[in-house]
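Undergrad: The structure that follows is given in the form of C-alpha cells.
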Amino acid sequence: MSAEPIWFRLPPPPTEVPRAPERPAPRAVELTIDGASVAVPEGATLLEACRSIGIDTPTLCYLENLTPVNVCRVCVVEVEGLRTLVPACSRTVEPGMVVQTDSERVRHSRRMVLEFLASSVDVSTAPDLRRYAERYGAEPGRYGPTAATVAQPVKVDNELYVRDYAKCILCYRCVEACGTDAQNTFAIAVAGRGFEARISTEFAVPLPDSACVYCGNCIGVCPTGALMFRSEHEMRAAGTWDEARQARTDTICPYCGVGCTLTLHVQDGEIVKVTSPLDHEVTAGHLCIKGRFGWAFVGKRGE
Amino acid sequence: MDLRIVGPLATAVERAAVDGVLGPPESGWHGGVRDARLEGHVAYGGYAARERRHLLLPALHAVNDRVGWISQGALGYICQRLTVPPADAYGVASFYALFSLTPRPPVVAQVCDDVACLVQGAEAVCAELERTLGPAGTPTAAGRATWQRSPCLGLCERAPAAMVRVAGEEPRETVLAPADAAAVADELATRGGPTGDRAPSAPPIPQAGDPSLRLLRRAGRVDPESLDEYRAHGGYEALRRSLEIGPEAVIREVIDSKLLGRGGAAFPAGRKWEAVAHAAARPHELVCNADESEPGTFKDRLLMEADPFAVVEAMTIAGIATGCERGFLYIRGEYPLALERLERAIAQARSHGFLGDDVMGHGVRFEIEIRRGAGAYICGEETALFNSIEGRRGEPRNKPPFPTQAGLFGRPTVVNNVETLVNVLDIVREGAAAYVAIGTAGSTGTKLFAVSGQVERPGLYEVPFGTPLRSLLDLAGGVAGGRQLGAILLGGAAGTFVTEAQLDTPLAFETLRAVGATLGSGVVLVFDESADLAAVVARIARFFRDESCGQCVPCRVGTVRQEEALARYVRARGDGPGGEVRMEIEAELIGEIGRVMRDASICGLGQTASNAVESAIAAGLLETPA
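Order-wise, the sequence lines are chains A and B.
Its first residue numbered 17, the first sequence is counted upward by one per residue in our numbering.
Its first residue numbered -18, the second sequence is counted upward by one per residue in our numbering.
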C-alpha cells in the first residue's frame, strides 16, 4: 500500500502568469474642426472628434454598438482638399485635416437627404429624423403629392413584433444586428436594388418560416419604428400608446446567469416594451427572446 | 454557421446544374446523402466553407442558365452547398437583373430600349412586340418564351439591338442587331439558334486594316481564335520582353508612359501597379474590369471579340509585374461572343505555356479566372465589382481604403479596364518614350471611341488623344443622311452633352475637363437636329433610377426625384409664361438634387447621375419640343 494515495496530490505551485505587453497609448492626431483645434486618439472617427468638442452631428444609420455602414449620408462633413463630402461616422481622422461641419455645402446635403427620406418614407414614429429635418429646414412637400414612396402594408406575421417597411429608411441596422454585429442569425438581408431595395427574408417568406429567433435586436436598433413590439403597434393603433405615462425601470433579467440589464417600459402597471441600455457592458443593448419578450407572466400570479 | 433552410427541395435538374459548378456535395451537411458512420456529429463548414462564397454568383448563373429562373429550392441547395444564409443569398440573387426569382420561360428576348437604340427606333420594335406578343413579360410560344425590355446591351453600333437567351442543357445567346419585331418574334418561336450572331453585318471597325491603328492593329485581320496567328502578328512579344526586363522595369515603363485609366476615371495606371507591387500584404490580386455597361459603350466588347489574346497577354504582364498569381476577368453577362472567345484564348494560352505554373518557362505562375456579371451597371464600379466577385451584393464600398490597400478579398488589388491593359502591350514592346510621343502631354497614347447614334458609319474608332471631336465625327461620315447636328452625348449616360460650338475641342482628358465635359469611357453618341432629346434624357434618368444599387440615400432617392422633376420640366414646355415659371422651378430643383448626389453619394454612379440631365438643361437642349 502506497503512502501517498493516487487521488491526493498537491496542486502545482503557482507560477507567474504571463502578461501581455502593455499597449502603447494611441498617438494623438491634431485636426481643425470648424476653426477649432482638436486632438483625438489615432484611429478615431470624425464623428467622435466632433462629439468630443460638443458638435451635434446628425446620424441615422450609425449606432454605437454596430459597425458603421455610412449609407444614410446625413452625417457628411466637408474636408478641405477632397472632391466630395465624407461620412463623419466612418472616416478616420488624419493629421492636419481641416473640417467644416456646418458649411453651406454640408447643410445642403443634409437637408436634401432628410427631404428625400421624409418625402418617400412614413416618418411618423421617427423622432430623431423629424428633429433633424426641422433643424435643416427640409421641405419634403415640394416633391409634390405624386412623389414615389415606399408605402406598403404592414407585415404582422407573428405574436412578438411587426414589420412596417413603409417606415423603413434602409439604414441596414437591423441586418447588422441580425448578422455578425450581434445575433449571427442572418434571417434578413437587403433584397432588390435601388428604390425597390427592401429588407427581406429569403423569398419574402413570413418570419416564422425564416431563420428568425425573435431576439428582437432588430427592433432595438431600428431608428424609425419600422420594427416595433406588437404590443406597442397595437396600442398605437388603439390610440392608447402614451410615452408620457410610461415609467422606465432598470432591472436584471430573471432567466439565466448572464445578468442582462433590462429596461422595462411600464404604462398603467403593464410592461409594454423591454429594452437594454446601449452602453451596458454585458448586453451592448442586445437581448435574447426571453429577456426581450418573456414577461407575460409578470403580474399574473394567482390568475 | 447554423443554417435554417426550409421550403421546397431543389429538383434533380437544379441540383445537377449547381453540382456542375461546385462538384458533387462532400457530405450530408452540404446537401449530399447522409452517412452517419462517416460523418457522425462532426460539423463541417466554418472558415473553409465560407472561403467558397465567391462561387455563389457562378452557382446562381448555373441554375438560371439551366432552368431560366432560380426557385426557392435551388437557392436553398446553393446555400447548403456554400454555407450561405438563404436571406443573404436571396439578397444577392435579387440584386442582378439577369436572374429571375419567379418562374420565367426558358427563352427570353431582351430588347434594348436604351439611348442609342431609342434614336434608332427601339420604341417602335417594343410597340410592335406589345401588339403581337402582349406586354413585356407575357409568356408566348406555348409558355416557352417571353420578351422584356433591357438597358444598353453594348450593341449600339447596330441599333436597335436585341438578344435572345435560351436556358437549357446547352444555354445559348443569340444577338439580333439590327432587330425588328418580326425577327424577335421568329426567334422566340423557334427557340433561338446557335450562340452567336444571326445578322453579321458590316464590320463594326470601319478603320480595320489602317496601318496607323495600334490597339485595333489585329482587329478584323487576324483570326481571334488562333494563338498561332496572334503570335505571327506580334503576339506575346510584349510578355517575352516583360519577363526579360523584370517587374520593376515594367512598372517603370508604365509609369513613364503616363498611361491613364480608360474606364472613365482616368487614374494613372502605373501608380496603381507600383502601389500594389510594393504592398507588404500577400497575396496580391489582379482584376480586369470588362463589365462595361455604360449606355453607348461597346469598345471593350469589340476589343475582346477581335483580339482576345491581347487581353490575356496584357493581364499576364500586369499580374506578373504586380506580384499576382491569378487574375479575375469580370465580364458583363450580356457579352456571349466575347466570353466564348476569351475562354478559348485562355485555354489555348494555358496549353501552350503562356499561362499556368511556369509562364513562358520563366518559373513564374499566373492564372486567369473569368467571372460573368449578371446584369448590374453598378458592378463596373471597382469596389462593387469586388463585392460581386466575392459573392455579395454589388454595392460599392466606401473609400478609403482604396483597392491598392484593401480590394478584392481585402487584399492589395490592381484593377484595370480592358482597354487600359491592352495599351500596356505597346508600352512594354516599344518603350514608354515611343508611347508618350503619341497623343497630348496630359493624355498619352490613342483612345478607342464608340461612335453610335445618328451617324453615317457607327462603330469603333481609334484616334490619338488630342484629335478634335469634329475630325472623329468626320471619320465616322458625319451626321446620318447629311442632316444637321443636334447634340453629342460625350462619355455616355454619366457624361455630358456637347453641341456644335464645342466640336473643335480636342479629345483629351485635360481639354475636355477645361470645358466642363468628360471623356468618360469614350462614348460618342450623335443626335441629329430632329432627335427627341427630351426622350433621350428621360431614358438616361430612368437608367440611373434602375441601376442605382440603393445603398445610399442621395442616389437611391435622388435618382427617383430627378426623374420625376425632369418629367415635370418636360411637361411644362409650351405652357406659356406659367409653364416657363414651372420649368425654372424644376430646373432649380434638378440642380439641387444633382448637387447632393455629386457631393454625398458613396460612388461614382451617384456622383455622375445628374451630369447628362443637368448639361442638357444648361445647354438649352430641352426647352422646345422636338
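C-beta: ideal position from N, C-alpha, C; glycine also.
Quick caveat, the model's predicted, so the values are computed rather than measured.
(1) So, is A:Ala167 buried or exposed, given that buried needs 16 or more other C-beta atoms within 10 angstroms?
(2) Go through its chain and collect everything with a Cβ distance to A:Cys105's Cβ below 7 Å, but skip five positions before and after it.
(3) Going by DSSP in three states, B:Ala475 sits in which element: helix, strand or coil?
(4) When you check each C-beta in the stretch 214 to 241 of chain A against every C-beta of chain B, which residues fall closer than 8 Å?
(5) Counting only beta-carbon atoms, is A:Val129 nearer than 8 Å to chain B?
(6) Can you check which of these residues, B:Ala148, B:Gly277, B:Leu157 and B:Arg352, is closest to B:Val436 by C-alpha distance?
(7) Taking its Cβ as the centre, do 16 or more other Cβ atoms sit within 10 Å of B:Val505, making it buried, or is it exposed?
(8) On a Cα-Cα basis, can you pick out the residue from B:Phe524, B:Glu138 and B:Gly557 that is closest to B:Gln543?
(9) Would B:Ala148 and B:Pro84 qualify as a contact pair, given that the criterion is a beta-carbon distance under 8 Å?
(10) For chain B, find out if any of its Cβ atoms is closer than 8 Å to the Cβ of A:Ile204; answer yes or no.
(11) Please report whether the beta-carbon of A:Gly208 lies at a distance below 8 Å from any beta-carbon of chain B.
(12) Since I believe B:Ala250 is in contact with B:Val399 (beta carbons under 8 Å), could you give me their beta-carbon distance rounded to a whole number of angstroms?
(13) A:Lys183 lies in the alpha helix (DSSP H); which residues open and close that run?
(14) When burial is assigned at 16 or more other CB atoms within 10 Å of the CB, is A:His302 buried or exposed?
(15) Per DSSP, what are the beta-bridge partners of A:Cys234 in this structure?
(16) Can you tell me whether B:Ala180 is helix, strand or coil according to DSSP?
(17) Going along the chain, which residues of its own chain have a beta-carbon closer than 6 Å to the beta-carbon of B:Gly342, five neighbours each way excluded?
(18) Does A:Thr141 pass the burial test, meaning 16 or more other C-beta atoms within 10 Å, or should it be called exposed?
(19) Count the other CB atoms within 10 Å of the CB of A:Phe24; is the residue buried (16 or more) or exposed (fewer)?
(20) Count the other C-beta atoms from every protein chain shown that fall within 10 angstroms of the C-beta of B:Ala123, then say buried if there are 16 or more, exposed otherwise.
(21) Measure how close the beta-carbons of B:Phe347 and B:Ile312 come, nearest whole angstrom, since I'm counting them as under 8 Å.
(22) Applying a beta-carbon distance threshold of less than 7 Å, which residues of chain B neighbour A:Cys88?
(23) Specify, as a first and last residue, the run of the beta strand (DSSP E) that B:Lys428 falls within.
(24) In the structure shown, what three-state DSSP assignment does B:Glu306 receive?
(25) So, helix, strand or coil for A:Lys289, using DSSP?
(26) Hey, is the stretch 108 to 120 of chain A in contact with the stretch 40 to 57 of chain A, meaning 3+ C-beta pairs nearer than 8 Å?
(27) Residue range of the alpha helix (DSSP H) that A:Val166 falls in?
(28) Between which two residues does the beta strand (DSSP E) carrying A:Met244 extend?
(29) State yes or no: is the beta carbon of A:Pro161 nearer than 8 Å to at least one beta carbon in chain B?
(30) For A:Gly208, which residues in the same chain have their Cβ closer than 6 Å to its Cβ, ignoring the five residues on either side in sequence?
(31) Strictly below 8 Å CB to CB, what residues from chain A border B:Tyr693?
(32) For the candidate residues B:Ala105, B:Ala515 and B:Asn379, whose alpha-carbon lies nearest to that of B:Glu363?
(33) Quick one: what's got a C-beta closer than 8 Å to A:Leu145's C-beta in the same chain, skipping five residues either side?
(34) If you reduce the DSSP assignment to three classes, tell me which class B:Lys280 lands in.
(35) What residue range is occupied by the uninterrupted beta strand (DSSP E) comprising B:Gly440?
(36) Are the CB atoms of B:Val403 and B:Ala295 within a distance shorter than 8 Å?
TA: Taking the definition as stated:
(1) So A:Ala167 counts as exposed.
(2) Once the five neighbours on either side are set aside, the close Cβ partners of A:Cys105 are Thr61, Leu63, Thr75, Tyr78, Pro84, Asn86 and Cys91.
(3) Assigned with DSSP and collapsed to three states, B:Ala475 falls in helix.
(4) Answer in chain order: Ser216, Thr217, Glu218, Phe219, Val221, Asp225, Ser226 and Ala227.
(5) Answer yes: the Cβ-Cβ gap between A:Val129 and chain B drops below 8 Å somewhere.
(6) Sorting B:Ala148, B:Gly277, B:Leu157 and B:Arg352 by C-alpha distance to the C-alpha of B:Val436 places B:Gly277 at the top.
(7) Residue burial is scored here from C-beta neighbours: B:Val505 has at least 16 other C-beta atoms within 10 angstroms and is therefore classed as buried.
(8) Per the Cα distances, B:Phe524.
(9) The answer is no: Cβ separation not under 8 Å.
(10) Output row for A:Ile204: interface = yes.
(11) For A:Gly208, the answer is yes, since a Cβ of chain B falls inside 8 Å of its Cβ.
(12) Rounded, the Cβ-Cβ distance is 12 Å, inconsistent with contact.
(13) No alpha helix (DSSP H) contains A:Lys183, which DSSP labels as neither H nor E.
(14) That one is buried.
(15) BP columns for A:Cys234 are empty, so no partner.
(16) Note that B:Ala180 has pLDDT 47, beneath the 50 cutoff, so the model's placement of it is unreliable and the number below is only indicative. B:Ala180 falls in the coil class under three-state DSSP.
(17) The beta carbon of B:Gly342 lies closer than 6 Å to none in the same chain, with the five residues before and after it left out.
(18) Burial call: buried.
(19) By the 16-neighbour rule on beta-carbons within 10 angstroms, A:Phe24 is exposed.
(20) Exposed: under 16 other Cβ atoms inside 10 Å.
(21) Actually they are not in contact, since the Cβ atoms of B:Phe347 and B:Ile312 sit about 18 Å apart, beyond 8 Å.
(22) Within chain B, the residues near A:Cys88 are Val534.
(23) Residues Thr427 to Gly434.
(24) Correct three-state label for B:Glu306: strand.
(25) The answer is strand: DSSP assigns A:Lys289 an E or B state.
(26) These segments touch.
(27) Note, A:Val166: premise wrong, no alpha helix (DSSP H); not H, not E.
(28) Judged by DSSP secondary structure, A:Met244 falls within the beta strand (DSSP E) whose first and last residues are Leu243 to Phe245.
(29) So, not an interface residue.
(30) Hits under 6 Å: Arg214.
(31) Residue 693 of chain B cannot be examined here, being either before or after the span of chain B that is shown, -18 to 607.
(32) Checked all of B:Ala105, B:Ala515 and B:Asn379; the closest Cα to B:Glu363 is B:Asn379.
(33) Leu76, Leu130, Leu133, Ala134, Val139, Ile185, Pro239 and Thr240, listed in sequence order.
(34) Three-state DSSP puts B:Lys280 in a helix.
(35) Taken as a continuous stretch (DSSP letters only), the beta strand (DSSP E) holding B:Gly440 covers Gly440 to Pro445.
(36) Yes, the Cβ-Cβ distance between B:Ala295 and B:Val403 is below 8 Å.
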